[in-house]
Amino acid sequence: MVNLQENTSAATVKMDPSRRQRTQTKATAEEQALDQIAREAEQRLAARRAARAEAREIRMRELERQQREQEDHADKAYDMYAGVVLPITETVGRRTGSRLAAMSPSVLHSPRRSSEDSDDVLSIKDLRHELKEVEEKFRKAMILNAQLDNDKAALGYQLELLKDRIEELQEEYAQLQREHKEKCSSHERLKREHASLEREVVLARDAVRARDAAAAAAGRAFVEAAAAPDALAGEPCGSVPPLALVSHHSQQLLDDAGEGTLDVRLERLAGAKAALEGEVRKLKLQLNDERAARQNGVAHPERDVDCELEALRKAASEAKARAARAEAEAALHAAAVVRLEAQVARLRARQDHQDEHEELLKQERRRLQREAREALNRVEELETENSHLTKRLDKLKNAKSALLKDL
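Below is the structure:
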């Protein structure tokens, strides 16, 4: 039965490292998968950034080309205006000069002018006035057109900046999502490890119960061969004290020996045995002396007193033995209580540590969710602002086209 229990204990001890190794292998595989996913995400992010930079450069070149086309169009319009208005002005001036030259001095200095000449002069003045008004309107239209072009370029630049900002926020949001996913996977892995450790503790307790039951059925018991219970409190969590398999009688003797390691208690028992053997030898010598005295016919005067003293000594030694046994049992119970309290404290500290770690993971998860919501709100605000700027740019384009149609 003892060999069977030892084999069972050895199998239990061997089973735990294999389970731990499988857990570590599984955790390593999960970490490698997460690293591979992170590397692929970074590669995709780098490709997206390169594509966005190229698209941004293409958009800037397109804006510059449109700006140059608008400037060329404005120059052509001004040239057309100069080619149309200036010949008209010159023609009007030549006609006016020819008419004035055709008039005779008498007619020019005459107090009475004909209605036809006055109408011609008034029409020329009206044409000049209208020409000035048209030139002023055209100049104002050109200034307004230039201002609209400047506003359009500025709004386009702001639009590009907002697009870049939206892309950056999207990248930050993707990064936050990846971090959140990693934290969640780490939290799940820790939960699985915690559940695995709890299962191992349950299996270890069942194995200890089965071992104790098998030892009790075989008429034996396990005795700790470690240091005193006060020294167990400083040992790391998970350390198993060495045990020794003894009979119940040996266990009773070791319990009577008091506290301490197995070697110390054995030394105490050896010392007590040597003292008892010395006392037995002494009593044998006294008995031999008593027998010699009786054979010689000499009566010992203090024989009755010695017998009473011997009986008292035996009673006192028995009382001391019972008291020592009771003290040893009390000390053993106290040691067991201290050991159990230390184990409970270690398990409680470990559970508190697990709870604190879980609370930290929950706080980190809430923080990441809050940052993700803020990033989404910011993206929505930027999209709204982008739509407003686009509408404003469309209005400016419509106003510009209307002005060009009026001209």
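Numbering (full-length UniProt numbering), first residue to last: 1 to 407. Even for Gly, the Cβ is constructed at its ideal location relative to N, Cα and C. These figures come from a predicted structure and were not determined experimentally.
Lys140 - DSSP class collapsed to helix/strand/coil:
helix
What three-state label does DSSP hand Ala330 in the structure shown?
helix
Does any CB atom of chain C fall closer than 8 Å to the CB of Val338?
Of the protein chains in the structure, only one exists, and it is not chain C.
Look at the Cβ atom of His180, then the Cβ atom of Arg365, and state whether they are nearer than 8 Å.
yes
DSSP state of Leu176, grouped into three classes?
helix
Around the C-beta of Asn288, are 16 or more other C-beta atoms found within 10 angstroms, so that it is buried, or is it exposed?
exposed
Roughly how many angstroms lie between the CA atoms of Gln170 and Glu42, to the nearest whole one?
14 Å
Go ahead and label Arg199 buried or exposed: buried means 16 or more other beta carbons lie within 10 angstroms of its beta carbon, across all protein chains shown.
Around the CB of Arg199, fewer than 16 other CB atoms lie within 10 Å, so the residue is classed as exposed.
Based on Cα-Cα distance, which residue from Glu168, Glu64, Lys132 lies nearest to Arg48?
The shortest C-alpha separation from Arg48 is found at Glu168.
Considering only residues of the same chain and omitting the five flanking positions on each side of Tyr157, which have a CB-CB separation below 6 Å?
none
Would you say Ala141 and Leu403 are within 8 Å of each other, going by their C-beta atoms?
yes
Quick check: the Cα distance between Gln175 and Lys183, rounded to an integer number of angstroms?
12 Å
Spell out a yes or no on whether the segment 381 to 396 and the segment 204 to 211 are touching, meaning 3 or more CB-CB pairs, one atom from each, closer than 8 Å.
no
Indicate the three-state DSSP secondary structure (helix, strand or coil) for Gln343 in the structure shown.
helix
For the segment 149 to 163 against the segment 55 to 64, do three or more pairs of beta-carbon atoms, one drawn from each stretch, fall closer than 8 Å, so that the two count as touching?
yes
Can you name, in chain order, every residue of its own chain whose Cβ lies under 8 Å from the Cβ of Asp406, other than the five neighbours on each side?
Ala141
If I measure Cβ to Cβ from Glu310 and keep anything under 7 Å in the same chain, skipping five residues before and after, which residues do I get?
none
For the candidate residues Lys282, Ala334, His187, Arg192, whose alpha-carbon lies nearest to that of Gln363?
His187
Run through DSSP, which three-state label would Ala46 get?
helix
Please confirm whether Leu368 and Leu148 have their CB atoms less than 8 Å apart.
no
What do you reckon, is the C-beta of Glu167 under 7 Å from a heavy atom of the ligand MG?
Ligands are entirely absent from the displayed structure, and the ligand MG is therefore not among its contents.
Taking the straight line between their C-alpha atoms, what separation do you get for Glu267 and Ala213?
29 Å
Report the rounded CA-to-CA distance for Ser196 versus Leu190, giving the unit in angstroms.
10 Å
Where does Ala311 sit, in a helix, a strand or coil, going by DSSP?
helix
When Leu155, Asn145, Ala50, Ala272 are compared against His388, the one with the closest alpha-carbon
Leu155
Residue environment, Ala275, which counts as buried when at least 16 other CB atoms sit within 10 Å
It is exposed - the Cβ of Ala275 has fewer than 16 other Cβ atoms within 10 Å.
Exposed unless 16 or more other CB atoms sit within 10 angstroms - verdict on Lys284:
Exposed: under 16 other Cβ atoms inside 10 Å.
Distance between Ile37 and Arg165 (C-alpha atoms, nearest Å)
26 Å
Of all the options Arg265, Glu172, Asp355, which has the alpha carbon lying nearest to the alpha carbon of Glu374?
Glu172
Under the rule that 16 or more other beta-carbon atoms within 10 Å means buried, what is Arg139, buried or exposed?
exposed
If the criterion is Cβ atoms closer than 8 Å, does the pair Glu359 and Ser185 meet it?
no
For Ala316 and Ala217, what's the separation of their Cα atoms in angstroms?
37 Å
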